[in-house]
DNA sequence: ACGGTATCTGGCCGAGTGGCCAGTTATTCA
DNA sequence: TGAATAACTGGCCACTCGGCCAGATACCGT
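Protein chains in written order, with the working numbering: chain A, 10 to 218; chain B, 10 to 218.
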């Protein structure tokens with residue numbers, strides 16, 4: 010309880026700036042060492058603060074984790090939705106969806122690696138019991154895809170014998186696997202993957218059944 | 010240190026039987042409560058033994074976890090490989106691959122849910138440093154798929170302008186996402202999904218470019 | 001300058017975990 | 001049957017984590 014050091018230098022931040030700084034530190038920490046190893050102390054150490062600061066700005070670790078997911082999902086949506094809605098034809102919608110998703114991943118690699126880590130490892134315990142954030146938030150993007158596919162099918166731009174729900178799941182899966190690949194293989198070629206992926210699923214739209 | 014109870018009943022097992030029993034208990038426990046909550050004590054309690062038994066039969070928790078993955082991967086391979094190799098035509102190979110994978114999932118739901126949990130949460134720390142089991146073992150199945158796709162392409166049963174590697178990743182992703190769905194939605198229709206998935210990817214083989 | 005408030009530090013605490021082992025019981029084999 | 005060995009119990013230990021807080025420090029309006 011005795012102040013040993015003469016306090017060389019200490020910075021204070023405004024509420025918002027500090028919260029954002031902590032969220033970014035948490036994202037980078039999780040992306041680097043994984044969720045299980047990303048303790049509050051470690052996150053705090055990355056930006057040279059005491060772990061008490063995190064407790065001060067967030068209600069708890071759950072709150073911090075939730076904020077990460079919220080921020081990333083929001084950034085993701087803001088990037089993708091307008092690009093998809095700008096497309097008109099069937100193949101263009103699919104291509105826009107796939108490529109904008111993967112482009113966002115390329116630009117914000119750590120963001121998505123961190124979210125993947127969280128969705129994989131981070132159990133969120135709400136008052137009403139044990140629950141997972143899971144893909145519920147990210148499913149917004151999946152729903153967007155499914156809606157677009159259903160619309161295309163209605164317009165005759167997608168084979169009638171295909172289930173848009175299944176197709177949406179398959180496409181999302183092919184996209185969601187990318188952060189995985191990035192974790193294991195730093196040289197994974199996102200651009201090439203996006204291009205090939207779009208080509209494969211183009212088939213389903215090109216030849217309307 | 011005093012033996013209070015008169016030892017109502019206690020069973021001993023042979024090495025192999027006990028190890029297997031513990032692995033199964035671990036699989037079910039992980040599948041039910043998730044990796045993070047699956048402590049040795051909890052796993053032991055499920056089959057009514059002391060957690061010391063696990064330490065006795067396994068070098069440590071890592072060893073147990075690794076055994077789970079090895080066992081499941083082996084069972085998976087034993088189920089899938091012959092079914093894929095038995096197929097001859099392009100569409101049949103794809104369909105056999107997808108359907109046998111998903112059939113195995115349906116029959117051994119907990120096995121794969123547990124492995125997903127492990128791959129998601131379980132960091133394996135080897136003596137030489139921090140590593141993940143990750144998809145390395147499961148990639149055997151992915152390699153099998155990629156090899157088959159490359160073979161089909163060589164035989165003119167797959168569009169020449171498709172990258173078999175990317176296609177293999179996309180298909181594996183669509184398959185690997187299923188245990189996820191199972192966790193969130195108990196009523197997920199694997200059979201329907203398998204059928205639709207095969208139909209979608211059939212396109213790439215039906216019309217050789 | 002100065003007092004009040006916002007921010008921050010550093011350590012303590014309880015909970016939970018895996019590793020470990022001394023002692024207990026079952027099994028096996030000579 | 002009577003060791004010798006295998007299998008098992010139950011609890012202790014060191015460790016880590018998140019939550020928490022008393023006290024220290026920076027900031028800001030007056």
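For glycine and all other residues, C-beta sits at the position ideal for the given N, C-alpha and C.
- Sequence-distant partners of residue 81 of chain B (beyond 5 residues in either direction) whose C-beta falls short of 6 Å from its own C-beta, in its chain, are 120, 124.
- The beta carbons of residue 67 of chain B and residue 85 of chain B sit no closer together than 8 Å.
- Residue 103 of chain B is classed as buried because its beta carbon has at least 16 other beta carbons within 10 Å across all chains shown.
- Between residue 183 of chain B and residue 182 of chain A, the CB-CB gap stays under 8 Å.
- For residue 176 of chain B, the chain A residues whose Cβ falls inside 7 Å of its Cβ are 209, in order along the chain.
- Residue 40 of chain A has its alpha-carbon roughly 21 Å from the corresponding atom of residue 43 of chain B.
- For the region 62 to 86 of chain A, the set of positions with a beta-carbon nearer than 8 Å to some beta-carbon of chain B is empty.
- Legend: CB atoms of the region 150 to 173 of chain B lying less than 8 Å from CB atoms of chain A belong to residues 170, 171, 172.
- Considered as a whole, the region 39 to 109 of chain A harbours 49 to 55, 60 to 66, 70 to 94 as its complete alpha helix (DSSP H) runs of no fewer than 4 residues, in chain order.
- Closest by C-alpha distance to residue 74 of chain B, out of B:48, B:54, B:57, B:58, is B:48.
- By the neighbour-count criterion, in which a residue is buried when 16 or more other Cβ atoms sit within 10 angstroms of its Cβ, residue 188 of chain A is buried.
- The alpha-carbon of residue 171 of chain A is positioned some 7 Å away from that of residue 205 of chain B.
- Shortest Cα-Cα distance from residue 65 of chain A to any of A:87, A:52, A:28 involves A:28.
- Cα atoms of residue 79 of chain B and residue 196 of chain B: separation of roughly 28 Å, rounded to the nearest angstrom.
- Residues of chain A with a Cβ closer than 8 Å to the Cβ of residue 103 of chain B do not exist; the shortest Cβ-Cβ separation is about 12 Å.
- Listed along chain A, the residues sitting closer than 8 Å to residue 206 of chain B by beta-carbon distance are 175, 179.
- Residue 30 of chain B carries a helical assignment under DSSP once its states are collapsed to helix, strand and coil.
- In the three-state reduction of the DSSP assignment, residue 117 of chain A falls in the coil class, being assigned neither a helical nor a strand state.
- In this structure, residue 213 of chain B lies near residue 209 of chain A, with their beta-carbon atoms less than 8 Å apart.
- With contacts defined as CB atoms closer than 8 Å, residue 30 of chain B and residue 56 of chain B qualify as a contacting pair.
- Listed along chain A, the residues sitting closer than 8 Å to residue 183 of chain B by beta-carbon distance are 178, 179, 182, 183.
- At a cut-off of 8 Å, the C-beta of residue 35 of chain A has no neighbouring C-beta in chain B.
- Separation of the CB atoms of residue 191 of chain B and residue 118 of chain B is rounded to 6 Å, and the pair is thereby assigned contact status at 8 Å.
- Under a criterion of Cβ atoms nearer than 8 Å, no residue of chain B is adjacent to residue 106 of chain A; the nearest Cβ is some 14 Å distant.
- Cβ neighbours of residue 91 of chain B within its own chain (closer than 6 Å, five residues either side excluded): none.
- Residue 168 of chain A carries a coil assignment under DSSP once its states are collapsed to helix, strand and coil.
- With 16 or more other Cβ atoms inside 10 Å of its own Cβ, residue 207 of chain B counts as buried.
- Relative to the Cα of residue 154 of chain A, the nearest Cα in the group A:110, A:26, A:115, A:194 belongs to A:110.
- An exposed status is given to residue 23 of chain B, since fewer than 16 other beta-carbon atoms sit within 10 Å of its beta-carbon.
- In the three-state reduction of the DSSP assignment, residue 196 of chain A falls in the coil class.
- At a Cβ-Cβ threshold of 8 Å, residue 177 of chain B and residue 161 of chain B do not count as neighbours.
- Burial of residue 38 of chain B is indicated by the presence of at least 16 other C-beta atoms within 10 angstroms of its C-beta.
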